[in-house]
Structures are given as C-alpha cells and as structure tokens.
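In what follows, a single structure is set out as structure tokens and then discussed.
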Amino acid sequence: MVMHATQAAHHHPRNRAVTTSRDFDDCVLRIAADRDREAFATLFDHYAPRVKALLMRSGSPAAAAEELAQETLLSVWRKAHLFNPERASSAAWIFTIARNLRIDSLRRGDASVYAADLSLAADEPAQPDAILSGAQDAELVRAAMRTLNPDQARAIEMAFFHEQTHTQISQALGVPLGTVKARIRFGMMKLRAFIERDVGGAA
Amino acid sequence: MSLRRQPSEERLLAYAAGTLSAPEAVVVATHLALKPETRPWADLGRAVGGALLDEAEPVPMDVGARDAALALLDTPAANDKPIPPESADLSLPEPLRGLPLGPWRWAGPGVHVRNVIGPRDGDCRVVLLRIAPGQCAPRHTHGGVELTCVISGAYTTEDGVFAQGDFEEADPKVTHQPRVISEEACLCVAALDGQIVLPGRLGRLLAPFVKL
Chain L
17 MVMHATQAAH HHPRNRAVTT SRDFDDCVLR IAADRDREAF ATLFDHYAPR
67 VKALLMRSGS PAAAAEELAQ ETLLSVWRKA HLFNPERASS AAWIFTIARN
117 LRIDSLRRGD ASVYAADLSL AADEPAQPDA ILSGAQDAEL VRAAMRTLNP
167 DQARAIEMAF FHEQTHTQIS QALGVPLGTV KARIRFGMMK LRAFIERDVG
217 GAA
Chain Z
536 MSLRRQPSEE RLLAYAAGTL SAPEAVVVAT HLALKPETRP WADLGRAVGG
586 ALLDEAEPVP MDVGARDAAL ALLDTPAAND KPIPPESADL SLPEPLRGLP
636 LGPWRWAGPG VHVRNVIGPR DGDCRVVLLR IAPGQCAPRH THGGVELTCV
686 ISGAYTTEDG VFAQGDFEEA DPKVTHQPRV ISEEACLCVA ALDGQIVLPG
736 RLGRLLAPFV KL
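For the protein sequence lines, the chains are L and Z, in the order given. Here the working numbering is used: the first residue of the first sequence is 17, the next is one more, and so on. Here the working numbering is used: the first residue of the second sequence is 536, the next is one more, and so on.
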C-alpha cells in the first residue's frame with residue numbers, strides 16, 4: 017500500500033498541530049531571506065523546549081540543556097542560509113545543530129568532523145543516489161516510524177539517548193547483541209523503504 | 536567476512552545520532568565524504584532525530600529565555616569559522632581538514648603513520664597510515680575495534696579490492712594478507728583501540744615496530 021505524504025499526515029491528526037512542519041521550514045527560510053525575528057520567535061517557542069527535552073533525555077543536567085537549547089536556536093539564526101528544505105526538514109536540521117553543539121560541549125573529539133553534515137546539504141546539487149528522497153518531509157518520516165514494531169523502535173531510539181556501546185544497550189534491553197543490531201538494521205531498512213516508496217523514488 | 540565497503544546501518548545510525556565514539560565518527564565521516572551513496576543512511580538517521588525532536592515532550596525554557604535570545608540575534612558569533620590548526624592538511628577529505636596532525640613517523644619498510652590529534656575515546660584514537668605501493672602486510676592477529684577508510688590508493692585482500700572511500704571493519708577472527716596495489720601509496724584513516732595492535736589488515740605489519 018502506497019500512502020502519499022499528505023495522506024500519511026492526515027491519517028495521524030494528533031501530529032497536525034496548528035503549525036505544520038512545512039511552516040517551520042518556512043520560518044528558517046524567512047530568517048535566511050529577511051532576518052525575520054518573528055519567524056525566529058515561532059521557531060524558538062516550538063523547538064527550544066524540545067531541544068532541551070531531548071538533551072535532558074540524553075543525560076544533560078537541566079541547566080546545561082537550557083543553555084545548549086538557547087545556543088542551538090541562536091545557531092539556527094546564524095546558519096539559516098545553510099538550510100536546504102530539499103534535503104532535510106527543519107526538525108532534522110535543528111536536531112543536527114543541537115547534536116553538533118552537544119558533541120562540542122562534551123569535548124568528545126572535534127565538532128568540525130560533523131560540520132559537513134550542515135553544509136553538505138546546502139551546496140552540491142547532490143547526485144540522485146546520494147540523497148534520501150522524502151527525508152525532508154518530517155510528517156512522512158514520523159509516519160514511517162509508526163510502521164516499526166515496538167522492539168525496532170526502542171532499539172533505534174536507544175541509539176540516540178545512550179552514549180554507550182551496543183553491548184550496553186543489549187544488556188539494558190536484556191537481549192543478545194546480535195538481536196539489537198538486527199533490530200536497528202531491519203528498522204532502518206524498513207524506514208528507508210517506506211520513505212522511498214512513498215515518494216516513488218524506489219521504483 | 537564483511538564484504539560490504541560501508542559502515543553497518545547501526546553504526547551509521549549512531550553516527551547520525553551523535554552517540555558514536557569520536558574516533559569512530561571520524562572514520563565514518565570520512566567515508567561519507569568520499570562515498571555519497573552512503574549518505575542517505577546518515578540522512579535517515581538525522582531525519583529520525585528530527586522526528587524524535589518533534590515528538591519530544593517539551594520541557595519549558597526559563598522565563599525570559601526567548602527575549603534573551605532575541606536580544607542576542609545581532610551579536611556576531613564568536614568563533615563561527617575556526618581557523619584550521621597549523622599542522623592540518625587541507626588536502627584531506629573535509630572531516631579531517633580541521634584536525635591537528637602529529638608528525639609522520641617511519642613505522643616499518645614502506646610504512647608511515649601519523650596521529651590525528653583530538654578524537655579520543657579511552658584507548659581508541661585515530662591515525663593516518665601511508666603505505667607504499669606493493670607493500671604486503673605479514674600475517675598477524677589482532678583485537679579490538681578497528682575501522683579503516685581508504686583516502687587514496689588501494690589495497691587488496693582475500694575479500695577483494697579496497698579503494699578510495701571504502702570502509703573496512705576488521706574482523707578479529709580472521710587474518711588476511713593485504714597488499715597495496717595502487718601505483719601511488721595507499722593513504723588510510725583508521726580508528727584503533729588498545730595499545731598493541733594497529734588497525735586494519737594493512738596496519739598489522741606495523742605492530743612489531745610501533746607503540747602508539
């Protein structure tokens with residue numbers, strides 16, 4: 017069964033807030049084009065408390081999470097010209113900024129290693145096989161995630177919130193390491209197939 | 536046994552999530568820079584991150600946080616464009632360009648090694664390996680996680696040829712005898728764990744010579 021992006025969104029009205037993902041994408045574009053402070057305020061209200069939540073789930077103390085969330089949104093303002101809505105949703109892009117700042121704050125290596133993740137998307141008219149068509153559609157990605165079975169979803173989620181090896185995840189979940197890896201792998205393949213099929217890119 | 540030349544999906548997910556160790560992330564990022572066809576997996580990982588962000592239960596920011604941010608908008612960023620360190624090599628793939636490098640050291644016939652300074656995780660660190668054409672690694676066993684990505688040149692093993700951008704995760708149960716087959720030297724970036732053993736099949740020949 018093939019669902020189109022818009023249908024996928026309508027099937028899950030609970031995620032249809034007053035403001036849609038596309039509206040947030042537009043906010044970033046308006047900042048890039050016009051230094052639009054109102055657009056910034058809209059993004060701040062939506063994303064700062066969520067970035068803070070995600071960072072706290074990753075183990076940051078509240079004060080540090082608050083500071084990094086603040087910094088993340090300020091980076092959105094400064095780096096808005098790098099945002100390319102053909103390549104990533106504003107959610108994924110803001111996630112990436114927060115991720116980079118967090119890595120930097122933990123002094124885990126050098127954040128410049130990850131800098132390409134923000135700029136690659138901006139330049140290059142990417143080769144067709146180098147982009148995941150559909151990944152820029154946040155609602156489609158969320159719909160894809162709802163197709164995962166709970167074990168797959170949990171294994172994938174844990175990869176985000178645990179600074180740890182898969183061995184430790186396997187201990188936390190009480191299943192063998194190979195099972196954790198298989199759940200992540202099959203979950204990822206399922207997500208990719210769903211997203212690509214939905215945009216008709218995998219014909 | 537790993538015949539694929541790209542990182543596993545779970546490693547790519549951890550990279551995108553930002554939970555991969557720093558040395559491993561350097562090797563994965565180098566692979567992604569050189570092999571665009573792997574990037575959709577990293578894009579997918581970040582898209583999942585975006586979905587988790589959208590669906591996170593918001594934790595309210597401090598009172599006045601938004602106004603404080605608005606007041607800072609016109610302040611220029613302090614260090615938006617960091618200057619590469621003097622020892623950096625700008626001819627390397629982008630993820631390695633901003634990193635300071637140690638000096639090249641002789642590490643056996645036809646073999647040189649230099650440290651990539653910065654990314655560390657316990658005993659795990661990153662090195663660049665440069666191995667001369669025709670150089671063959673002697674058989675050697677090893678342990679620990681060893682990730683290698685070919686930056687230029689090529690080597691061959693029983694699994695076939697590893698050329699620019701190819702990623703190899705060493706299997707501790709298997710020993711190979713890789714040989715550089717390119718006309719130029721083969722340059723690799725590798726994450727290696729532990730004190731004794733150098734990464735990748737190529738690195739194995741260094742073990743008797745180098746303490747890292």
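Ideal Cβ placement from N, Cα and C applies to all residues, glycine included. Since the structure is predicted, the reported quantities are computational estimates derived from the model, not experimental observations.
Where does R67 of chain L sit, in a helix, a strand or coil, going by DSSP? The sequence shown places Val at residue 67 of chain L, rather than the Arg named in the question. V67 of chain L: helix per DSSP, three-state reduction.
Counting only C-beta atoms, is H26 of chain L closer than 7 angstroms to chain Z at any point? Only weak support exists for where H26 of chain L lies, its pLDDT of 43 falling under 50; the value from the coordinates is given anyway. Answer no: the Cβ-Cβ gap between H26 of chain L and chain Z never drops below 7 angstroms.
Nearest CA to the CA of A198 of chain L: which residue from L:Q86, L:T58 and L:N165? L:N165
Rounded C-alpha distance that separates A104 of chain L from L664 of chain Z: 35 angstroms
Quick one: any contact between the region 583-596 of chain Z and the region 110-130 of chain L, if contact means 3 or more CB pairs under 8 angstroms? yes
At least one CB of chain L closer than 7 angstroms to the CB of A623 of chain Z: is that the case? False, the Cβ-Cβ gap to chain L never drops below 7 angstroms.
At what residues does the beta strand (DSSP E) containing Y550 of chain Z begin and finish? Looking at the DSSP string, Y550 of chain Z is not in any beta strand (DSSP E); the run it does join, the alpha helix (DSSP H), is E544 to A552.
Please confirm if A128 of chain L has its CB atom under 7 angstroms from at least one CB of chain Z. For clarity, residue 128 of chain L is Ser in the given sequence; the question names Ala instead. At least one chain Z Cβ lies under 7 angstroms of S128 of chain L.
With H, G and I counted as helix, E and B as strand and the rest as coil, what does DSSP make of H62 of chain L? helix
Does the Cβ-Cβ distance between P763 of chain Z and E703 of chain Z come in under 7 angstroms? Nothing in the structure corresponds to residue 763 of chain Z, since chain Z is present only between 536 and 747.
DSSP three-state call for R123 of chain L: helix, strand or coil? R123 of chain L falls in the coil class under three-state DSSP.
At 3 residues or longer, and completely inside the region 633-710 of chain Z: list those beta strand (DSSP E) runs for me, N to C. 646-656, 659-666, 681-687, 690-692, 695-697 and 702-704
State the Cα-Cα distance for the pair T676 of chain Z and L189 of chain L, rounded to the nearest angstrom. Legend: pLDDT at T676 of chain Z = 42, less than 50; position of this residue unreliable, no value from coordinates given.
Going along the chain, which residues of the region 53-73 of chain L sit with their C-beta nearer than 8 angstroms to a C-beta in chain Z? R53, F56, A57, F60, D61, Y63, A64, P65, R66, V67, K68, A69, L70, M72 and R73
Per-residue contacts from S543 of chain Z into chain L (C-beta, under 8 angstroms): K197 and R201
Cα-Cα separation between A218 of chain L and V648 of chain Z, rounded to whole angstroms: Confidence in A218 of chain L is poor, its pLDDT being 43 and thus under 50, which makes the residue's placement unreliable; the coordinate value appears in the next sentence. Going by the C-alpha atoms only, they are around 43 angstroms apart.
Identify whether K746 of chain Z lies in helix, strand or coil by the three-state DSSP scheme. The pLDDT assigned to K746 of chain Z is 49, lower than 50, so where the model puts this residue is not dependable, and the model offers no usable value.
Taking buried to mean at least 16 other C-beta atoms within 10 Å of its own C-beta, is R158 of chain L buried or exposed? buried
Quick one: give me the first and last residue of the beta strand (DSSP E) that A81 of chain L is part of. For A81 of chain L, no beta strand (DSSP E) encloses it; the enclosing alpha helix (DSSP H) starts and ends at A78 to K95.
Closer than 6 angstroms: is that where the CB of A560 of chain Z sits relative to any heavy atom of the ligand ADP? By its list of ligands, the structure shown contains no ligand whatsoever, and the ligand ADP lies outside what it can speak to.
Could you tell me which chain L residues have their CB closer than 9 angstroms to the CB of A698 of chain Z, listed as they occur along the chain? Within chain L, no residue comes near A698 of chain Z; the closest Cβ sits about 18 angstroms away, beyond 9 angstroms.
Determine which residues share a DSSP beta bridge with A726 of chain Z and list them. Z:V661 and Z:L682
Quick check: Q74 of chain L and E155 of chain L, are their CB atoms within less than 7 angstroms of each other? Reading the sequence as shown, one finds Ser at residue 74 of chain L and not Gln. The answer is no: Cβ separation not under 7 angstroms.
Which word fits R540 of chain Z, buried or exposed, when buried means at least 16 other C-beta atoms lie within 10 angstroms of its C-beta? buried
Could you check whether G633 of chain Z and N650 of chain Z sit closer than 7 angstroms to each other, using their CB atoms as the reference points? no
Which residue's Cα is closest to the Cα of C723 of chain Z: Z:A604, Z:C671 and Z:I686? Z:I686
Per the contact definition of three or more C-beta pairs closer than 8 angstroms, is the region 119-133 of chain L in contact with the region 603-610 of chain Z? no
If L148 of chain L and I200 of chain L are in contact, beta carbons under 8 angstroms, what's the gap, nearest whole angstrom? About 17 angstroms separates the two Cβ atoms, so there is no contact after all.
Opposite R714 of chain Z in the DSSP bridges: which residues? Z:C671 and Z:T691
For the alpha helix (DSSP H) that contains P166 of chain L, what are its first and last residues? Looking at the DSSP string, the run of the alpha helix (DSSP H) that includes P166 of chain L is P166 to F177.
Test: R539 of chain Z CB closer than 7 angstroms to a CB of chain L: no
Here's a check: name, in chain order, each residue in its chain whose Cβ is nearer than 7 angstroms to the Cβ of D167 of chain L, leaving out the five neighbours to either side. Same-chain partners within the cutoff: R199.
Sheet register partners of C721 of chain Z (DSSP bridge): Z:I666
Taking all protein chains shown into account, decide if D609 of chain Z is buried (16 or more other Cβ within 10 angstroms of its Cβ) or exposed. exposed
Spell out whether any CB of chain L is found under 7 angstroms from the CB atom of P620 of chain Z. No, because no Cβ of chain L sits closer than 7 angstroms to the Cβ of P620 of chain Z.
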